[in-house]
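J.: The numbering used here numbers the first residue of the sequence shown as 20 and each following residue consecutively. For every residue, glycine included, the Cβ atom is placed at its ideal position computed from N, Cα and C.
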Amino acid sequence: MTRIRKMSAALGPVDSALPGVQSAEMIAARLDRLPACKSLWRFVMLLALGGFFETFEMFSTSFVIPGMVRSGVLVATTEGFFALNGAAAYIAATFIGLFIGTLGFGMIADKFGRRAVFTYALIGYASCSLIMACQTDPLWLNFWRLMTAIGLGIEVIAIDAYLSELVPPTLRGRAFAINRIMSYLAVPACGITSFIFVPYEPLGVDGWRWVIAIGAVGSIVVWIMRRKLPESPRWLADKGRLAEADAEVRQMELAVEKETGQSLAPAVPSVEGLVEHKSRFSEMWGPRYRNRTIMLVIFHVFQAMGIYGFLNWVPTFLIEQGVTVSKSLAYSVAMGLSAPLGPVLAMLFADRVERKWQIVFGAVLIGVAGTAFAVFRVPALVIACGALLTMGTTILSVGYHAYQSELYPTRIRGMAVGFVYSMGRLGGSVSGFMIAFAMGHFGVQAALFSVAACMAICASSVALLGPLTGGRTLEEIND
């Protein structure tokens, strides 16, 4: 149905005088017709560098827990289900923090801007992480982990919204794949760093503290590098700040024309004007978006329980089966080396195969590999299954980070994606207790079979309820 956006009278005399600024739809059309070029990929790479240290921080959980247990700060298993001195409590603090950050603060990216939010979130979580590295008491360790994770949750939502709004639809899949390649390079990097530091006490300081500090310092360096990134023109236009949006897009257009030596083709809006709407939480539950929201909630709860139920416990699974701490970390590093391969493979079909089927494939691969990991005992086969499972998680990640940001309009993108993503963090917070309980009472195999069951639910929800988005603009998908 055609809807008409009525421009605010307050914007009239200033913005209407600017050439090329007819509406928010024209701003979107100008962005969507930008070609692949160095200037555009530079934005993507700056975002991806931040993703590297976000992932380093999140995936450090499984690598540093053996060191925390070894140093006596935490214990591997506990008598009580919710004991605060156990490794499960540290994992829970991570996911509860991510839950608070994504649910409680996802909407601020819609209100204050994508760039402003991810800039402050980055320096905030890096500072909290440095403080956490100095803690000796389980309670304060978990508190600062919680605070770090809140910042991480805010950062992830703002970045996903920003990237989806900045990149043309024909490049969006590849842009998210590049972002995830850089992110998942952090998995082996964190594993190697942990292998070097965690079993030892360099300069008399527990090795796990060095791992946390290295990730935090790297995040601060990226914060300095990203300070000159522009605000999302789509967000600016949606807020009626058309002059600023036009200025940002003009800079991008000039950079492209200078690089290519050719003038850009005229921009043609893919949809007609839209009515101004205030962002409302209820909108994501309306007829247009209800099924999408239900699908993403189911998906996120069970993908987090399954994926983090495996990744956060890999070294512990191996130790419980008689592998030494050093060897368990070495095995984990070997598995982690496959993490960047998932996004590399995803780049080959990211904009050719429908996003929903990429997600389904990733979930099925995780379930099959997790089941095989539970059965095999030969080291080479165990590592191979772990590597396949890790690759599956990264293929899944490329798909859903792009997909969820496509399924809602600009006015509620941060809030809606924050909400559904937060459901996953809530599921992830339970995953540690689920795995610890299953492993303590029924063994490692039962814990791994629960991972496979979670992924079966993920694949089913997306296959049955997920809409198609391939090659369509954000406006075509949502209006």
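Please list the terminal residues of the continuous alpha helix (DSSP H) segment that includes K277.
T.: Its alpha helix (DSSP H) spans residues L261 to T279.
J.: Exposed or buried, L426, counting other C-beta atoms within 10 Å across all chains shown (16 or more means buried)?
T.: With 16 or more Cβ atoms within 10 Å of its Cβ, L426 is classed as buried.
J.: What do you get for F461, buried or exposed, if any count of 16 or more other CB atoms within 10 angstroms of its CB means buried?
T.: Result: exposed.
J.: State buried or exposed for W159, treating a residue as buried only when at least 16 other CB atoms are found within 10 Å of its CB.
T.: That one is exposed.
J.: Nearest by alpha-carbon distance to N179: which of T492, V436, L117 and I338 is it?
T.: As written in the sequence, residue 179 is Asp, which differs from the Asn given in the question. The candidate whose alpha carbon is nearest that of D179 is V436.
J.: Any idea what DSSP makes of V379, helix, strand or coil?
T.: V379: helix per DSSP, three-state reduction.
J.: Please list the terminal residues of the continuous alpha helix (DSSP H) segment that includes R432.
T.: Where R432 is concerned, the enclosing alpha helix (DSSP H) stretches over R432 to F461.
J.: F195 to L59, Cα distance in whole Å?
T.: Their Cα atoms are separated by approximately 13 angstroms.
J.: With DSSP as the reference, identify every bridge partner of G105, one or two as the case may be.
T.: DSSP lists V94 as partners of G105.
J.: To the nearest whole angstrom, what separates the beta carbons of V268 and P252, a pair I think is in contact under 8 angstroms?
T.: V268 to P252, Cβ: 5 angstroms. Contact.
J.: Buried or exposed: where does R307 fall if 16 or more other Cβ atoms within 10 Å of its Cβ makes it buried?
T.: Label assigned to R307: exposed.
J.: Determine the extent of the alpha helix (DSSP H) in which T212 is found, giving its start and end residues.
T.: Where T212 is concerned, the enclosing alpha helix (DSSP H) stretches over R191 to F216.
J.: State whether the region 377 to 388 contacts the region 200 to 213, with contact taken as three or more CB pairs (one from each stretch) at a distance under 8 angstroms.
T.: Cβ pair count under 8 angstroms is below three, so no.
J.: Are the region 411 to 431 and the region 301 to 320 in contact at 8 angstroms, needing three or more beta carbon pairs?
T.: Cβ pair count under 8 angstroms is three or more, so yes.
J.: What three-state label does DSSP hand Q154 in the structure shown?
T.: Coil.
J.: Counting along the chain, where does the alpha helix (DSSP H) carrying T409 start and finish?
T.: Element bounds for T409: P398 to E425.
J.: Could you check where the alpha helix (DSSP H) with K130 kicks off and where it finishes?
T.: Unbroken alpha helix (DSSP H) run through K130: I127 to F131.
J.: Smallest Cα separation from G192: which of S448, M453, I476 and I378?
T.: With distances taken between Cα atoms, G192 lies closest to I378.
J.: Do A262 and A256 count as a contact pair if the criterion is CB distance below 8 angstroms?
T.: No. Outside cutoff.
J.: Helix, strand or coil for S505 per DSSP?
T.: Here the chain has residues from 20 to 498 only, and residue 505 is not among them.
J.: For A112, which of helix, strand or coil comes out of DSSP?
T.: In this structure, A112 counts as helix in the three-state DSSP scheme.
J.: Can you check whether the CB of F75 is closer than 8 angstroms to the CB of G234?
T.: In this structure, F75 lies closer than 8 angstroms to G234 by Cβ.
J.: Would you mind working out which of Y350, A466 and G433 sits nearest G172, comparing C-alpha positions?
T.: Closest option to G172, Cα to Cα, is G433.
J.: Cβ atoms of A406 and S347: under 8 angstroms apart, would you say?
T.: Taking 8 angstroms as the Cβ cut-off, S347 and A406 do not qualify as a contacting pair.
J.: Quick check: Y181 and R133, are their CB atoms within less than 8 angstroms of each other?
T.: In this structure, R133 lies closer than 8 angstroms to Y181 by Cβ.
J.: Please work out which residues of its chain come closer than 7 angstroms, Cβ to Cβ, to F300, disregarding the five sequence neighbours upstream and downstream, and give them in chain order.
T.: Closer than 7 angstroms at Cβ, skipping near neighbours: M434.
J.: Quick one: measure Cβ to Cβ for M410 and L360, integer angstroms, because I've assumed they're closer than 8 angstroms.
T.: Between L360 and M410 the Cβ distance is about 5 angstroms, and since that is below 8 angstroms, they are a contact.
J.: Grab the span of the alpha helix (DSSP H) containing G503 for me, first residue to last.
T.: For residue 503 there is no data in the structure shown, the boundaries of the chain being 20 and 498.
J.: Checking 8 angstroms against the spacing of the C-beta atoms, do S351 and P362 come in under that value?
T.: In this structure, P362 does not lie closer than 8 angstroms to S351 by Cβ.
J.: Rank L273, T492 and Y440 by C-alpha distance to the C-alpha of I119 and give the top, closest one.
T.: Comparing Cα-Cα distances from I119 to each of L273, T492 and Y440, the minimum goes to Y440.
J.: Smallest Cα separation from I338: which of L415, R89 and T412?
T.: Nearest of L415, R89 and T412 to I338, Cα basis: R89.
J.: Look at the alpha carbon of G292 and the alpha carbon of S42, and state the distance between them as a whole number of angstroms.
T.: Legend: pLDDT at G292 = 47, less than 50; position of this residue unreliable, value from coordinates given subsequently. Approximately 8 angstroms, taken between the alpha carbons.
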